[in-house]
Amino acid sequence: MRLANALLLACCCLLSLPTGAQAMLKVVTEDAPPFNFIVGQRLQGPAPRFVERLLRHAGLPFQHHVYPWARSMALASHQPNVLIYSLARTPAREAQFHWLGWLGAERVALYALASRRELHAGTLAEAGKLRIGISNQDVRGQWLREQGFAEVSANRHAGLDVADNMETNLRRLQLGWIDAVPLSEGSLQAYCRRELLDCRQFRQLLPLPLTMELYLAASLGTPPATLARLRHSYQALRRDGSFARAFRDYQ
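Per mature numbering (1 follows the signal peptide of the UniProt record, and there is no 0): the sequence shown = residues -23 to -1, 1 to 228.
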């Protein structure tokens, strides 16, 4: 009798569990103005504002995290139920993620200190003579590698010098440790505003034939039903003007 009662109690408990419970989504990004950035230990910018509105519209539980880009990429590449933004969409990455919605675009150029008048780079070949600061797992560094750029070494001053993020690269640029950084004009202006820098101390050295199309994406282990809700909410927020309002100063 006791066994039968215990089994009946267990069955009742199982039946009382909510059905269709959603797994907690881990939302990862980086500190990368102008779309997502940290001010006073708070994540700000149009992208996190829009992404959080989208998740609330979809009725999905989530936790937001800001990591170095390499860690965010590793989580989104290997764990289920991970959303990542603002992720550049490239042919090499196409099959590695579920692409949920476009967030913006950035045209990339090489920037140097205005005081470094001796630096010249009218072509990519000439830029190959420079020490260029890039971020780990960033598409700009991957693109430069595809153009034949190699990493610096003990025997090679010129090439790609890897750091954790672009903010570190800009500091290294100011110190003269590197010659140039690849980023957009919008990113540079946003860094200058946040760090209270005079942006006239930087100059564009060479525009690159690279435009980063930035997206919200999901890891491959994310359930189809979750993806469908996210895509539905993305389209709904595009239609009702929420997207345009969130990004009106950045498009």
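Glycine included, every Cβ here is placed at the ideal spot set by N, Cα and C.
In this text the structure is predicted, and so the values were computed from the model without any measurement.
Nearest-angstrom Cα distance between residue i and residue j?
i           : j    : result
A24         : P11  : 9 Å
L183        : A86  : 6 Å
R33         : A72  : 27 Å
S164        : N13  : 10 Å
G125        : M50  : 23 Å
P200        : A194 : 13 Å
E83         : S63  : 11 Å
L80         : T145 : 25 Å
Y168        : M1   : 32 Å
R148        : A102 : 25 Å
G198        : A65  : 20 Å
D226        : H134 : 39 Å
L121        : T100 : 13 Å
residue 229 : S92  : Outside the displayed span of the chain (-23 to 228) sits residue 229, for which this structure offers no information.
A157        : A202 : 45 Å
Q18         : D217 : 31 Å
E123        : A98  : 18 Å
T188        : D175 : 25 Å
Tell me whether residue i sits in a helix, a strand or coil according to DSSP, three-state version.
i    : result
A202 : helix
L2   : strand
Y44  : coil
Y211 : helix
Q18  : coil
W154 : coil
F27  : helix
V59  : strand
H75  : strand
G128 : This sequence places Glu at residue 128; Gly is not what is there. E128 falls in the strand class under three-state DSSP.
F179 : strand
L64  : strand
G135 : The sequence shown places Ala at residue 135, not Gly. If DSSP states are grouped into helix, strand and coil, A135 belongs with coil.
L160 : strand
N13  : strand
G118 : helix
R84  : strand
S112 : strand
Less than 6 Å between C-beta atoms, sequence neighbours within five positions excluded: which residues of the same chain meet that for residue i?
i           : result
L(-15)      : Only weak support exists for where L(-15) lies, its pLDDT of 33 falling under 50; the value from the coordinates is given anyway. If we look at L(-15) and ignore the five residues flanking it on each side, it has no Cβ neighbours.
residue 268 : Here the chain covers residues -23 to 228 and nothing more, so residue 268 does not appear.
R26         : A223
A127        : G136
Skipping 5 residues on each side, what residues in its chain have a beta carbon closer than 8 Å to that of residue i?
i    : result
K3   : F39, Q40, H42, L52, Q56, N58, V59 and L60
E7   : N13, V43, Y44, P45, W46, S49 and N142
L204 : H75, L77 and A195
R206 : A35, G36 and L37
Could you check how far apart the C-beta atoms of residue i and residue j are, in whole angstroms? I think they sit under 8 Å.
i    : j    : result
S112 : W46  : 6 Å
L150 : L90  : 6 Å
V116 : T67  : 6 Å
Y88  : R180 : 7 Å
Please classify residue i: is it buried, with 16 or more other beta-carbons within 10 angstroms of its beta-carbon, or exposed?
i           : result
residue 247 : Since the displayed the chain opens at -23 and closes at 228, residue 247 lies outside it and no answer follows.
L152        : exposed
R94         : exposed
V16         : exposed
G22         : buried
L173        : exposed
S161        : buried
A69         : exposed
A140        : buried
P159        : buried
A131        : exposed
A104        : buried
Could you pull out every residue in the same chain whose Cβ sits closer than 7 Å to the Cβ of residue i, ignoring the five residues on either side in sequence?
i   : result
V28 : V4, Y62 and L193
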